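Asks:
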Amino acid sequence: MGKGRTACCDKSKVKKGPWTTSEDLKLISFIQKHGHGNWRALPKQAGLLRCGKSCRLRWINYLRPDVKRGNFTPQEEDTIINLHRAFGNRWSKIASHLPGRTDNEIKNVWNTHLKKRLVMMKKEEYNSSSSSTSTSSHQGQYMDNNSTTLESFSPTSSKANDQVMDFWEYMLDTSSTPTSINNLDHLDSYSNLDTTSEHHPQQLVDEFECQKWLTYLEIELELTTNNQQEDHQNNFMQL
DNA sequence: AACATTAGCAACCGCCTGAGA
DNA sequence: TTCTCAGGCGGTTGCTAATGT
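Residue numbers (the working numbering): 37 to 275.
(1) I believe LEU85 touches CYS91 by the beta-carbon criterion, under 8 angstroms. Please report the beta-carbon distance rounded to the nearest angstrom.
(2) Between the alpha carbons of LEU154 and ALA82, how many angstroms are there, rounded?
(3) On the criterion of 16 or more Cβ atoms from any shown chain inside 10 Å, does ARG94 qualify as buried, or is it exposed?
(4) Tell me which residues share the same chain as HIS133 and place their Cβ nearer than 8 angstroms to its Cβ, disregarding the 5 neighbours each side in the sequence.
(5) Going by C-alpha to C-alpha distance, which of ASP46, TYR98, ASN147, PRO79 sits closest to ILE117?
(6) With DSSP as the reference, label PHE123 as helix, strand or coil.
(7) Can you name, in chain order, every residue of its own chain whose Cβ lies under 8 angstroms from the Cβ of VAL50, other than the five neighbours on each side?
(8) May I have the straight-line CA-CA distance separating LEU257 from ASN74, to the nearest angstrom?
(9) For ALA77, which residues from the same chain have a beta carbon less than 8 angstroms from its beta carbon, with the 5 sequence-adjacent residues on both sides left out?
(10) Got a sec? Which residues, its chain only, sit under 8 angstroms from ILE142 by beta carbon, not counting five neighbours each side?
(11) In three-state DSSP terms, what is ASN107?
(12) Any idea what DSSP makes of ALA131, helix, strand or coil?
(13) Counting only the same chain and skipping the five closest in sequence on each side, list residues whose C-beta sits under 8 angstroms from that of GLY136.
(14) Here's the rule I'm using: 16 or more other beta-carbon atoms within 10 Å means buried, otherwise exposed. How should ASP46 be labelled?
(15) Starting from THR57, trace the alpha helix (DSSP H) both ways and give me its first and last residue.
(16) On the criterion of 16 or more Cβ atoms from any shown chain inside 10 Å, does TYR98 qualify as buried, or is it exposed?
Written out as structure tokens, the structure reads:
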């Protein structure tokens, strides 16, 4: 063994960047069938040109069925703020107290919203304490009514939603739901569909989209009976 | 309308840790 | 005890969309 660490994978042979729909499905399909005992070996076994770490990250942050998407509630934000006071930047520790939320997501929310808000509140606190009519501030009152909550941020653009709708129309109209997980590459040729994860239904706030996606996966992964599949198709047609 | 700047977030990088040989 | 390896973690980057000028 030479000096230094061995790379986790051959960087020249792995794909990087945003995950495509077909890659997602391959990963989901493989994990559904075989689990994820060995992340390093998984990409090859699943037919993915990805680093094992990348697969793990994708699964944990986006594809796991129990990942909760959508805006953080004010309660969750409070929890993060309080836990951050206790644990600092130990995002996985904080995430363990917020079911369905990932460390990466919490880290992003902290860095983009909560940190700024706390700075502003510190400022306000400082200003008010320097004036005679200062009001006391204590834990649990980090959120004043005028502060911006994450409710005001929409994670999904209308364009992304349009793409999702286009995608589902395409899937239903053509009845081209792939029958084999090995034959998913054509999904990527659905040219205008943004293949970044933003369109992925598990990232949609709208539960309707999530449900459609999950139903599709059930069909794709043969987790439903034929009758159930028919029901699903009928439900889609009614929507 | 066009360009510049900012915000949001998915994904990558590299280090750390623990298990097992 | 030492070494290797895989998984996990936190920091950071880079792309895209939104907003401002």
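We put the CB at the ideal spot given by N, CA and C, even for glycine.
It should be emphasised that the depicted structure is a prediction, and the values quoted were computed from it without experimental measurement.
Replies: Walking through what the data contain:
(1) Not really, about 11 angstroms apart at Cβ, beyond 8 angstroms.
(2) 44 angstroms
(3) buried
(4) THR115, LEU119
(5) ASN147
(6) helix
(7) PRO79, LEU85, ARG86, CYS87, SER90
(8) With a pLDDT of 42 at LEU257, under the threshold of 50, the modelled position of this residue cannot be trusted, and the question is left open.
(9) GLY88
(10) ILE116, TRP127, ILE130, ALA131, LEU134
(11) coil
(12) helix
(13) ASP102, VAL103, LYS104
(14) exposed
(15) 57-70
(16) buried
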